[in-house]
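K.L.:
Got a structure for you, questions after.
See below:
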């Protein structure tokens, strides 16, 4: 299933994309797409509904983040060897784990706002993992059993705050609007191998990132298992898994986001995003 949340920010309704690619309203079946819906039993029950009989949604409404009530937004750094090289950093021996603020989460096509006085805001197309069941010290062998599904993420990053101002990476990663997620949550039964997904990002119509999850240093199962050793993962938590090469920081000379830029990005089977870059505003 491709589950979505659509409508004005803060008032999103649950929806599903049918086999013909049309948006249908799930409001009569579930209240929202949140932690209680993400377990295997709840998703199996939802699949039994006659989803093709649900009301069609007219027009092209705004898409919100496809998961409500995200408790943790965990991120993995330098998870592609070629991205580590372009960043001038060594290949990590263990996953680099940091957090993105949940307040940065937004819909896939909402504008991205430059932080106040930002000089080095950057883009990163990434595969997002949505957790479906409590995961604590799970094995790599069983890790995918705890996954509800997958989504597209843009891990927008302010490099000066991330790398040049001391402390951890978190403060360069959690600015408002720096976490577009969606458009869909694609349940794991429709993604039999998450390590075979092509991904891309364009800036103002020019391709800058082309990659595949097959070149991850640490795969999805390893990451879920590893992070579950560090913290208990709960239904609705999201792990974003690193980016392939082609970020602005790695260009010669570096290229960073400015007002009016347009980012378009996508992952095979997981949908596309489009964000216009806007100036800082309180």
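Residue numbers (this note's numbering): 845 to 1126. Built from N, CA and C at the ideal position, the CB exists for glycine as well. Computed from a predicted structure; not experimentally measured.
Measuring straight from C-alpha to C-alpha, what distance separates residue 1049 and residue 987?
P.N.:
37 Å
K.L.:
Helix, strand or coil for residue 1027, going by three-state DSSP, please let me know.
P.N.:
coil
K.L.:
Exposed or buried, what is residue 900 when buried is set at 16 or more other beta-carbons lying within 10 Å of its beta-carbon?
P.N.:
exposed
K.L.:
Out of 1072, 874, 961, point me to the one whose CA is closest to residue 1019's CA.
P.N.:
961
K.L.:
For residue 1005, which of 957, 965, 1033, 1035 has the nearest alpha-carbon?
P.N.:
965
K.L.:
Among 952, 1092, 902, 879, which one has its Cα closest to the Cα of residue 1021?
P.N.:
Nearest neighbour of residue 1021 by Cα position, chosen from 952, 1092, 902, 879, turns out to be 952.
K.L.:
Between the C-alpha atoms of residue 922 and residue 1116, what's the straight-line distance to the nearest angstrom?
P.N.:
23 Å
K.L.:
On a Cα-Cα basis, can you pick out the residue from 1084, 1102, 993, 857 that is closest to residue 870?
P.N.:
857
K.L.:
Mind checking residue 846: buried by the 16 CB within 10 Å criterion, or exposed?
P.N.:
buried
K.L.:
If we count Cβ pairs, one from each stretch, closer than 8 Å, do we get three or more for the stretch 967–986 versus the stretch 1105–1122?
P.N.:
yes
K.L.:
Anyone know if the C-beta pair for residue 973 and residue 1083 falls short of 9 Å?
P.N.:
yes
K.L.:
Roughly how many angstroms lie between the CA atoms of residue 866 and residue 883, to the nearest whole one?
P.N.:
25 Å
K.L.:
Quick check on the DSSP output: what are the complete alpha helix (DSSP H) runs of length 4 or more inside the stretch 913–965, in order along the chain?
P.N.:
925–930
K.L.:
Rank 1073, 977, 1026 by C-alpha distance to the C-alpha of residue 906 and give the top, closest one.
P.N.:
1026
K.L.:
Less than 8 Å between C-beta atoms, sequence neighbours within five positions excluded: which residues of the same chain meet that for residue 934?
P.N.:
928
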